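Peer 1:
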Amino acid sequence: MKGKMSRKDKLFLYSLLPFGGIILALFILLFKTLAENSLPIFLREGIHFILSNEWKPSETNPSLEYYGILSPIVGTIYTSLIALIIALPLSIALTIFINEFLPYNVKDLFINLVEIMAGLPTVIYGLWGAFVLAPILRDYVMLPIHRYLWFIPFFSCNPLSPLTIFTAGVILAIMITPFITSIIREAYENIPLTYREAILSLGATSYEYVKIMLSMIKPAVIAAILLGFGRAAGETIAVSMTIGNSFSLTTCLFAPGYTISSLIANQFGNAGFYHYMMNALYGAGLILLLVGVVLNTIGLYVLGRWRKQFEEF
Amino acid sequence: MKSSSKRFVLDKLFKYIVITLSIIALTPLFLIIASIIVNGGNTLLEAGISFLYNLPPSPLSTSIGGIGPSLIGTLLLATTTIVIGLPLAFFTAVLAVEYPDSIIGRLVGVLTRSFVEIPTILIGVLIYTLMVIPMGRFSALAGAFALAIVALPYMYTYVERALSSIPWTYREAAYGLGLDKFKALIHVFIGIARRGIVAGILIGLAKASGETAPLLFTIGGSKYTYFRGLDQPIDSIPLLIYEFAQTPYEIYHRVAWGAALVLLLIYLVLFITLRAFVKRVEL
Numbered sequence: 001m002k003g004k005m006s007r008k009d010k011l012f013l014y015s016l017l018p019f020g021g022i023i024l025a026l027f028i029l030l031f032k033t034l035a036e037n038s039l040p041i042f043l044r045e046g047i048h049f050i051l052s053n054e055w056k057p058s059e060t061n062p063s064l065e066y067y068g069i070l071s072p073i074v075g076t077i078y079t080s081l082i083a084l085i086i087a088l089p090l091s092i093a094l095t096i097f098i099n100e101f102l103p104y105n106v107k108d109l110f111i112n113l114v115e116i117m118a119g120l121p122t123v124i125y126g127l128w129g130a131f132v133l134a135p136i137l138r139d140y141v142m143l144p145i146h147r148y149l150w151f152i153p154f155f156s157c158n159p160l161s162p163l164t165i166f167t168a169g170v171i172l173a174i175m176i177t178p179f180i181t182s183i184i185r186e187a188y189e190n191i192p193l194t195y196r197e198a199i200l201s202l203g204a205t206s207y208e209y210v211k212i213m214l215s216m217i218k219p220a221v222i223a224a225i226l227l228g229f230g231r232a233a234g235e236t237i238a239v240s241m242t243i244g245n246s247f248s249l250t251t252c253l254f255a256p257g258y259t260i261s262s263l264i265a266n267q268f269g270n271a272g273f274y275h276y277m278m279n280a281l282y283g284a285g286l287i288l289l290l291v292g293v294v295l296n297t298i299g300l301y302v303l304g305r306w307r308k309q310f311e312e313f
Numbered sequence: 001m002k003s004s005s006k007r008f009v010l011d012k013l014f015k016y017i018v019i020t021l022s023i024i025a026l027t028p029l030f031l032i033i034a035s036i037i038v039n040g041g042n043t044l045l046e047a048g049i050s051f052l053y054n055l056p057p058s059p060l061s062t063s064i065g066g067i068g069p070s071l072i073g074t075l076l077l078a079t080t081t082i083v084i085g086l087p088l089a090f091f092t093a094v095l096a097v098e099y100p101d102s103i104i105g106r107l108v109g110v111l112t113r114s115f116v117e118i119p120t121i122l123i124g125v126l127i128y129t130l131m132v133i134p135m136g137r138f139s140a141l142a143g144a145f146a147l148a149i150v151a152l153p154y155m156y157t158y159v160e161r162a163l164s165s166i167p168w169t170y171r172e173a174a175y176g177l178g179l180d181k182f183k184a185l186i187h188v189f190i191g192i193a194r195r196g197i198v199a200g201i202l203i204g205l206a207k208a209s210g211e212t213a214p215l216l217f218t219i220g221g222s223k224y225t226y227f228r229g230l231d232q233p234i235d236s237i238p239l240l241i242y243e244f245a246q247t248p249y250e251i252y253h254r255v256a257w258g259a260a261l262v263l264l265l266i267y268l269v270l271f272i273t274l275r276a277f278v279k280r281v282e283l
């Protein structure tokens, strides 16, 4: 193929290269910008930047400034985990419901609903989450749980404000459910017909049928978990509108918190007044990017390998 | 007999659980749309059609005003995003589809797709560093660049799919006429893939009018002035909702709900149009 390329085709390829170059450059620039600008904070604070939880800006004396982002890191993990724990069963159920229980002509409608939900502007989730969902969650979920299960550390604090780590986790769950559903559903649909026929011919009930079908797409479910976690960890707007934005390092889910992305959203605008805060936020962004890249690479790798396995049929 | 009745009960139970969980999963969508129609409709009814072109209220004013500058800003940002992003998405897709054996073709395909995974707030930070600081101010142009990067992988996916699904017979026919790749693309392939390209434009518009995070540090959010140039600050509806919702003022909250209804309508119109062009929509 390569040898046969005519002069004109080669010329065309060369004229396309700048566009490829832009993509490559954007990618490198993102890493370079974050790494370069966060270098001062890593040199100054080292590993404590990640392991301590202090956010001490000082306008007059830069040597007093100290930034540790443990609380946003923990908040990111907490909110994403809550989101996954809620979203995964819902997504699996929704997949089965759409693919197995619905007649063909209604199926399309539900697929569209899931896609509308997946693409809804995130600020709409945030607005609804802050004004409608949060008060309901506090009165009917968080307060009762706290009253009866206060001895469990996760539920130990009184939900004084409706905007908490838990609220953000629930909003994220609602947001990533359609995303995870579409990954799992695609895999589910790709199971070869011969397998389906084989299971059904054994006289399986629909429960047994689905159980076997799900066991076949396990890698896709794992990939969906990783990609869903990455999506949840990177989401900014809806989270910063519902999490309460406060630097509290607590195991309790009913306290306001921070995530890395909501920290950047909230503090970046006025970070210029301080000497090191900007660097700290670039550092936080770099960590977010690296975590996302690792999770997504593994997720896509698992998904890709699974797809290949079925392509042979 | 006993084991078969156990199987039967388990099967029934399973069905109920699946249906219940599915209802729970989809309920938020209806609740969200309902509360936006109720709250936003309330605002729009009181403000009337002038909500679309008036200026926002001051915190203590009694009339709701409107979101004129933000609406214009959203439309302008969306257009500029397409102008910047579509050529990039289109030619990268051509590169990946027409030269799949070259290293650069393959690399570009993988990289462009992976842009989806970058948290959009970091795109905002990147453009802030690369454009806002050197230019010395927030601008519509910076926002459009940020949005173009966010929309890029989506636009790319649709164009790439359209180009790569062109049947081989058409390719053979085009090459058989002695056309080189460039001429075949211009005269034959674009015509066949035009639906995919329109879908790419629509997805870009949808993304550009709904995103908030990339705009936080790029457009400056000037809510009280109409468009003054691409190098000047601008506002968009999602940013207005985000900022107004976080103020303590009741009247700002009402404007935010009204704006959310307008945004929802824009989004749904784009979604339905897009659905008419492609079977599967990936937002």
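Chains as they are written, first to last, in the UniProt record's numbering: chain A, 1 to 313; chain B, 1 to 283.
Ideal placement from N, C-alpha and C gives every residue a C-beta, glycine not left out.
Here the structure is a predicted model, which is why all the values come from computation and not from measurement.
(1) Which residues share a DSSP beta bridge with A/Lys56?
(2) For chain A, find out if any of its Cβ atoms is closer than 8 angstroms to the Cβ of B/Lys6; answer yes or no.
(3) Residues in its own chain within less than 6 angstroms of B/Gly143 by CB, not counting five upstream and five downstream?
(4) If you draw a straight line from the C-alpha of A/Gly20 to the C-alpha of B/Thr157, how long is it?
(5) Tell me the residue span of the alpha helix (DSSP H) that contains A/Phe31.
(6) Among A/Tyr301, A/Leu127 and A/Ala87, which one has its Cα closest to the Cα of B/Leu31?
(7) Rounded to whole angstroms, what's the CA-CA distance from B/Lys6 to A/Pro192? Just pull it up for me.
(8) For A/Ile50, name the three-state secondary structure that DSSP assigns.
(9) Can you name, in chain order, every residue of its own chain whose Cβ lies under 7 angstroms from the Cβ of A/Tyr258, other than the five neighbours on each side?
(10) Quick check on A/Lys2 - is its C-beta less than 8 angstroms from some C-beta in chain B?
(11) So, does the CB of B/Thr212 fall closer than 8 angstroms to a CB anywhere in chain A?
(12) Please classify A/Ser262 as buried or exposed, where buried requires at least 16 other C-beta atoms within 10 Å of its C-beta.
(13) Please state whether the Cβ-Cβ distance between A/Leu113 and B/Leu26 is less than 8 angstroms.
(14) Please classify A/Ile243: does DSSP put it in a helix, a strand, or coil?
(15) I need the boundaries of the alpha helix (DSSP H) containing B/Tyr170, first residue and last residue.
(16) Could you check where the alpha helix (DSSP H) with B/Pro87 kicks off and where it finishes?
(17) Please work out which residues of its chain come closer than 7 angstroms, Cβ to Cβ, to B/Met208, disregarding the five sequence neighbours upstream and downstream, and give them in chain order.
(18) If you drop the 5 nearest sequence neighbours on each side, which residues of the same chain put their C-beta closer than 7 angstroms to that of A/Ala284?
(19) Quick check on A/Arg147: buried or exposed, where buried means 16 or more other Cβ atoms within 10 Å of its Cβ?
(20) In its own chain, which residues sit with a C-beta less than 6 angstroms from the C-beta of B/Ala259, not counting the 5 before and 5 after it?
(21) With a CB to CB cut of under 8 angstroms and the five nearest residues on each side skipped, what residues in its chain are close to B/Leu88?
(22) Does any CB atom of chain A fall closer than 8 angstroms to the CB of B/Arg254?
(23) Find out if the Cβ-Cβ distance for the pair B/Lys223, B/Pro69 is shorter than 8 angstroms.
(24) Tell me whether B/Phe244 counts as near the ligand PLP, meaning its Cβ is closer than 7 angstroms to at least one heavy atom of that ligand.
(25) If you follow the alpha helix (DSSP H) that A/Glu100 is in, where does it begin and where does it stop?
(26) Use the C-beta contact count for B/Phe138: other C-beta atoms within 10 angstroms, 16 or more gives buried, fewer gives exposed.
(27) What residue does the alpha helix (DSSP H) around B/Ile64 start on, and which one ends it?
(28) Classify A/Met1 as buried or exposed, calling it buried when 16 or more other Cβ atoms lie within 10 Å of its own Cβ.
(29) Comparing the C-beta of B/Phe138 with each C-beta of chain A, is any distance below 8 angstroms?
(30) Helix or strand or just coil, what does DSSP make of B/Ile124?
(31) Determine whether the Cβ of A/Asn190 lies closer than 8 angstroms to any Cβ atom of chain B.
(32) Using three-state DSSP, classify B/Gly220 as helix, strand or coil.
(33) Taking a Cβ distance cut-off of 9 angstroms, strictly less, list which residues of the stretch 68 to 89 of chain A are near chain B, in chain order.
(34) Measuring only between beta-carbons, confirm whether A/Ala93 sits less than 8 angstroms from chain B.
(35) Opposite B/Ile234 in the DSSP bridges: which residues?
Peer 2: In short:
(1) On the first sequence, residue 56 of chain A is found 56 positions in, with the first residue counted as 1. A/Lys56 pairs with A/Tyr66.
(2) Mapped onto the second sequence, residue 6 of chain B falls at position 6. By this cut-off, B/Lys6 is not an interface position.
(3) Start at 1 with the first residue of the second sequence, and residue 143 of chain B comes out as number 143. Answer for B/Gly143: Leu77, Leu215, Thr218 and Ile219, listed in chain order.
(4) Taking the first sequence and counting its residues from 1, the one referred to as residue 20 of chain A is at position 20. Taking the second sequence and counting its residues from 1, the one referred to as residue 157 of chain B is at position 157. Looking at the two C-alpha atoms, the distance is approximately 15 angstroms.
(5) Indexing the first sequence from 1 puts residue 31 of chain A at position 31. Unbroken alpha helix (DSSP H) run through A/Phe31: Arg7 to Glu45.
(6) As a first step, residue 31 of chain B is located in the second sequence; it is residue number 31 there, counting from the start. Taking only the C-alpha atoms, the option nearest B/Leu31 is A/Leu127.
(7) On the second sequence, residue 6 of chain B is found 6 positions in, with the first residue counted as 1. On the first sequence, residue 192 of chain A is found 192 positions in, with the first residue counted as 1. Going from the Cα of B/Lys6 to the Cα of A/Pro192 covers about 29 angstroms.
(8) Numbered from its first residue, the first sequence carries residue 50 of chain A at position 50. Three-state DSSP puts A/Ile50 in a helix.
(9) Residue 258 of chain A sits at position 258 when you count from the first residue of the first sequence. Same-chain partners within the cutoff: Ser71, Pro72, Gly75, Ile243, Asn245, Ser246 and Phe247.
(10) Position 2 of the first sequence, counted from the first residue, corresponds to residue 2 of chain A. Because the pLDDT of A/Lys2 is 45, which lies under 50, any placement of that residue in the model is unreliable, and the question is left without a value.
(11) Locating residue 212 of chain B in the second sequence gives position 212, where the first residue counts as 1. Taking Cβ atoms only, chain A reaches closer than 8 angstroms to B/Thr212, which makes this a yes.
(12) The count along the first sequence starts at 1 and reaches residue 262 of chain A at position 262. Classification for A/Ser262: buried.
(13) As a working note, residue 113 of chain A is residue 113 in the first sequence. As a working note, residue 26 of chain B is residue 26 in the second sequence. Yes, the Cβ-Cβ distance between A/Leu113 and B/Leu26 is below 8 angstroms.
(14) Along the first sequence, read from residue 1 onward, the residue named residue 243 of chain A stands at position 243. Reduced to three states, the DSSP call for A/Ile243 is coil.
(15) Taking the first residue of the second sequence as 1, we reach residue 170 of chain B at position 170. Trp168 to Gly176 is the extent of the alpha helix (DSSP H) around B/Tyr170.
(16) Taking the first residue of the second sequence as 1, we reach residue 87 of chain B at position 87. Counting along the chain, the alpha helix (DSSP H) containing B/Pro87 begins and ends at Gly68 to Glu98.
(17) Numbered from 1 along the second sequence, position 208 holds the residue referred to as residue 208 of chain B. Contrary to the premise, residue 208 of chain B reads as Ala rather than Met in this sequence. Here the set comprises Leu77, Ala78, Thr81, Leu147 and Ala151.
(18) Position 284 of the first sequence, counted from the first residue, corresponds to residue 284 of chain A. Beyond the five residues adjoining it in sequence on each side, A/Ala284 comes within less than 7 angstroms, by CB distance, of Ile69, Pro72, Ile260, Leu263 and Ile264 in the same chain, given in chain order.
(19) For the purposes of this step, residue 147 of chain A is identified with residue 147 of the first sequence, where counting begins at 1. Exposed, because fewer than 16 other Cβ atoms sit within 10 Å of the Cβ of A/Arg147.
(20) Along the second sequence, read from residue 1 onward, the residue named residue 259 of chain B stands at position 259. Excluding sequence neighbours, B/Ala259 sits near Ile67, Ile237, Leu240 and Ile241.
(21) As a working note, residue 88 of chain B is residue 88 in the second sequence. Once the five neighbours on either side are set aside, the close Cβ partners of B/Leu88 are Ala148 and Leu152.
(22) If you number the second sequence from 1, residue 254 of chain B lands on position 254. So, not an interface residue.
(23) Position 223 of the second sequence, counting from 1, holds the residue named residue 223 of chain B. Position 69 of the second sequence, counting from 1, holds the residue named residue 69 of chain B. If you check the CB distance, B/Lys223 and B/Pro69 come in under 8 angstroms.
(24) By its list of ligands, the structure shown contains no ligand whatsoever, and the ligand PLP lies outside what it can speak to.
(25) Translated into the one-based positions of the first sequence, residue 100 of chain A becomes position 100. No alpha helix (DSSP H) holds A/Glu100; DSSP gives it neither H nor E.
(26) In the second sequence, residue 138 of chain B corresponds to position 138, counting from 1. With 16 or more Cβ atoms within 10 Å of its Cβ, B/Phe138 is classed as buried.
(27) Counting from 1 along the second sequence, the entry for residue 64 of chain B is found at position 64. Here B/Ile64 belongs to no alpha helix (DSSP H), and DSSP marks it neither H nor E.
(28) Translated into positions along the first sequence, residue 1 of chain A becomes position 1. Low confidence applies to A/Met1: its pLDDT is 45, below 50, so where it sits in the model is not reliable, and the reading given next is rough at best. Label assigned to A/Met1: exposed.
(29) Taking the second sequence and counting its residues from 1, the one referred to as residue 138 of chain B is at position 138. Cβ-Cβ to chain A under 8 angstroms: no for B/Phe138.
(30) What you label residue 124 of chain B is simply residue 124 of the second sequence in a count that begins at 1. Here residue 124 of chain B is Gly; the residue named in the question, Ile, does not match the sequence. Here B/Gly124 sits in helix by DSSP.
(31) Against the first sequence, residue 190 of chain A aligns to sequence position 190. No, its Cβ sits nowhere closer than 8 angstroms to a Cβ of chain B.
(32) For this step, residue 220 of chain B is matched to residue 220 along the second sequence. DSSP places B/Gly220 in strand when its eight states are reduced to three.
(33) For the stretch 68 to 89 of chain A, which is checked against every Cβ of chain B, the residues closer than 9 angstroms are Ala87 and Pro89.
(34) Taking the first sequence and counting its residues from 1, the one referred to as residue 93 of chain A is at position 93. Judged by the 8 angstroms Cβ criterion, A/Ala93 is in contact with chain B.
(35) To locate residue 234 of chain B, count along the second sequence from 1; it is residue 234. B/Gly220, per the DSSP bridge assignment.
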